[in-house]
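Participant: Residue numbers (my numbering), protein chains in the order written: chain D, 1 to 194; chain Z, 1001 to 1194.
One structure, pasted below without further comment.
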DNA sequence: GTAGTTGATGTCTGTGACTGACGTCAGTCA
DNA sequence: TGACTGACGTCAGTCACAGACATCAACTAC
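Structure (C-alpha cells):
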C-alpha cells in the first residue's frame, strides 16, 4: 500500500472548486481545502503557488493548443490567418462535454475580483506567448503584438459566449464568428483616423 | 494649526513609488510606507484598498478622458472611429512632461508580476467601461465589446511605446499609428477565415 | 538484503497583508 | 457651549504564504 493517496494536486483542485462554489472563494481557506482531502495547508502551497492558482492549473495545455495552431499554419499565411488557426486549434481544448464544468468554474471566477484579475493575467500571458510565436515566424514586432492581443481578445469573447446559457454552437464556430466580426468592424471605418 | 498634514493619500503615493523604486515592491511593507510619511499602517489601508492600489490611484481620471472622447464623437461615427476619438482624448492625460514619471512607475510595475496583474485588470475594466459607453450610443453588443477591447489593446501598446527610451512622438500620434496598423492587419486577410 | 537516496508529506514558526472595533481630538456648526 | 464629524491611532485578530527541518515508504546500488 502506498504511503499517500496519489493525485494530490487533482484532488485539491476538485475540492477547491466545490468549496468555492458552495461557500465562496473568500470564505474558503487554504486549510479548508487541504484538510477536506486529508492534506495540510503546507502541502496545498507546495502544489499551487497561491490560493487562486488552484483554479488555473493546467492552462499551459491550452497555450500549447494555441501554439500548435500557429505551427500548422501555412508559411504564407497572414498574421490574422495564423491567429485564426490558433483559435481553431485552441477550441479543441473545450469540447462540448466540458461546458458544464466550465460554467461552474466561471461562475466562481465571476464572483470574485481577485480571480478575475488572475484570469485576465492568464489571458494576457497567453497573448504574450502568442506574439512570441508569431515573431518567431517572421511577423514584425507591432503586427505580432496586435494580432496576438486580438487573438486573445477574440478567444475571451468567444469563450464567454460559449458558456452562456442556451448557446449550443461549438467554441470553434463562435470563435470564427467573432473573428469575422472583428474584421468587419475594422474594415468599415468610413472616416479617416485622425 | 491643523491637526494633520493635509494630502495624506498623495504623500503616501509619492513615498510608495520612491520606496518601491529603491527597495523593490515586495521588500517594502505598508508599514514602511506609512511611517515614512508619519502615518500608521491602518491609515494606509484606509486610503488604499490594498498595497498594490497605491500605484493605481487616479486611474478613474484616465477613464473619464476616454469617455469624454466617446461623447464628443459625431453621432454617425463608426465604433472604431469613436474609439479613435477616445484614444486621442485619453492621450491628453499623458503630456510629454509626464514621461519621466511614467517611466519610473512602469519600471516598478515591470519588476513585479502582482503589479502587472493589477495593471492588466485596470486595462480590462477600462475596456468594460468603454464597451458600456459604446452600447449606450447604440452600438450592438458584440461590436461594442470588440471595439472597446481593441481600443484598450491599442492604448496599452501605444503607451508601452511612448515610454520607450528614445521615443519622442506624442502618445496621441503613436496611438493613431497603432490603430492604423490594426486596421491594416485585419484588412489584409488574403485567405478566408475557415 | 542492507544501506543510502529520494520525494511527497507533516510540523513548527514567522512575517506581512488586511480587517473590525473602539478610542481620540481638532475643527465645525447648531 | 456642547454635540458632532472626519481623519487618524491603537489593539487584536485572521489568513495567505514561506523557510527550515523531520519523517518515512519506495526505490536503487551494491
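From the three backbone atoms N, C-alpha and C, an ideal C-beta is built for every residue, glycine too.
Would the beta-carbon of residue 139(D) fall within 9 Å of that of residue 179(D)?
Facilitator: no
Participant: Pick from 1116(Z), 1137(Z), 1008(Z) and 1134(Z): whose alpha carbon is nearest that of residue 1038(Z)?
Facilitator: 1008(Z)
Participant: Let me confirm a value: residue 1060(Z) is counted as buried when at least 16 other C-beta atoms fall within 10 Å, else exposed. Which label applies?
Facilitator: exposed
Participant: Which runs of the alpha helix (DSSP H) at least 4 residues long sit entirely within the region 1027–1086 of chain Z? Give them in chain order.
Facilitator: 1030–1036, 1041–1047 and 1059–1071
Participant: Do we get a CB-CB distance below 9 Å when we pair residue 1118(Z) with the residues of chain D?
Facilitator: yes
Participant: Of the residues that make up the region 122–142 of chain D, which ones have a beta carbon closer than 7 Å to any beta carbon in chain Z?
Facilitator: 124 and 142
Participant: For the alpha helix (DSSP H) that contains residue 117(D), what are its first and last residues?
Facilitator: 113–136
Participant: Less than 9 Å separating the beta-carbons of residue 156(D) and residue 123(D)?
Facilitator: Cβ atoms of residue 156(D) and residue 123(D): closer than 9 Å.
Participant: Specify the secondary structure class of residue 183(D) as computed by DSSP and reduced to three states.
Facilitator: Reduced to three states, the DSSP call for residue 183(D) is helix.
Participant: Taking residue 1170(Z) as the query, report the chain D residues whose CB atoms sit under 8 Å from its CB, ordered along the chain.
Facilitator: Near residue 1170(Z) there are no residues of chain D at all, since even the closest Cβ is about 13 Å away, more than 8 Å.
Participant: Less than 9 Å between the C-beta atoms of residue 1195(Z) and residue 1158(Z), yes or no?
Facilitator: Summary: the structure shown does not reach residue 1195(Z), with chain Z confined to residues 1001 through 1194, and so no result is reported for it.
Participant: Looking only at C-alpha atoms, which of 28(D), 18(D), 127(D) and 56(D) sits nearest to residue 83(D)?
Facilitator: 127(D)
Participant: How do the region 1030–1049 of chain Z and the region 1098–1111 of chain Z stand: do at least 3 beta-carbon pairs fall below 8 Å, yes or no?
Facilitator: no
Participant: Is DSSP giving residue 1004(Z) helix, strand or coil here?
Facilitator: coil
Participant: Roughly how many whole angstroms lie between the Cα atoms of residue 68(D) and residue 167(D)?
Facilitator: 27 Å
Participant: Name the two residues that bound the continuous alpha helix (DSSP H) containing residue 153(D).
Facilitator: Per DSSP, residue 153(D) belongs to the alpha helix (DSSP H) from 141–162.
Participant: Over what stretch of residues does the alpha helix (DSSP H) that includes residue 103(D) continue unbroken?
Facilitator: 99–110
Participant: Starting from residue 1153(Z), find everything on chain D with Cβ-Cβ shorter than 8 Å and list it in chain order.
Facilitator: 146, 149, 150 and 153
Participant: Under 9 Å, Cβ to Cβ, is there at least one residue of chain Z near residue 67(D)?
Facilitator: So, not an interface residue.
Participant: Which one of 1109(Z), 1089(Z), 1021(Z) and 1146(Z) has the shortest CA to CA distance from residue 199(D)?
Facilitator: Nothing can be reported for residue 199(D), as the shown portion of chain D is limited to 1 through 194.
Participant: List, in chain order, every chain Z residue whose beta-carbon is nearer than 8 Å to that of residue 79(D).
Facilitator: 1185
Participant: Just to confirm, are residue 1187(Z) and residue 31(D) a CB contact at a threshold of 9 Å?
Facilitator: no
Participant: Roughly how many whole angstroms lie between the Cα atoms of residue 1015(Z) and residue 1104(Z)?
Facilitator: Taking C-alpha positions only, residue 1015(Z) is separated from residue 1104(Z) by approximately 13 Å.
Participant: Which of the three DSSP states, helix, strand or coil, is assigned to residue 20(D)?
Facilitator: Assignment of residue 20(D) by DSSP, reduced to helix, strand and coil, places it in the helix class.
Participant: Give me the Cα-Cα distance between residue 1055(Z) and residue 164(D), rounded to the nearest whole angstrom.
Facilitator: Rounded to whole angstroms, the gap between the alpha carbons of residue 1055(Z) and residue 164(D) is 35 Å.
Participant: CB of residue 1072(Z) to nearest heavy atom of the ligand COA: below 8 Å?
Facilitator: Inclusion of the ligand COA in the displayed structure is not the case, the ligand content being empty and no account of it being possible.
Participant: Would DSSP call residue 169(D) helix, strand or coil?
Facilitator: coil
Participant: Considering Cα atoms alone, identify which of 13(D), 24(D), 91(D) and 125(D) is closest to residue 160(D).
Facilitator: 91(D)
Participant: Is the distance from the Cβ of residue 111(D) to the Cβ of residue 25(D) below 9 Å?
Facilitator: yes
Participant: Kindly indicate which three-state DSSP category residue 1092(Z) falls into: helix, strand or coil?
Facilitator: Here residue 1092(Z) sits in coil by DSSP.
Participant: Which residues in chain D sit within 9 Å of residue 1181(Z), going by Cβ to Cβ distance?
Facilitator: 142, 143 and 146
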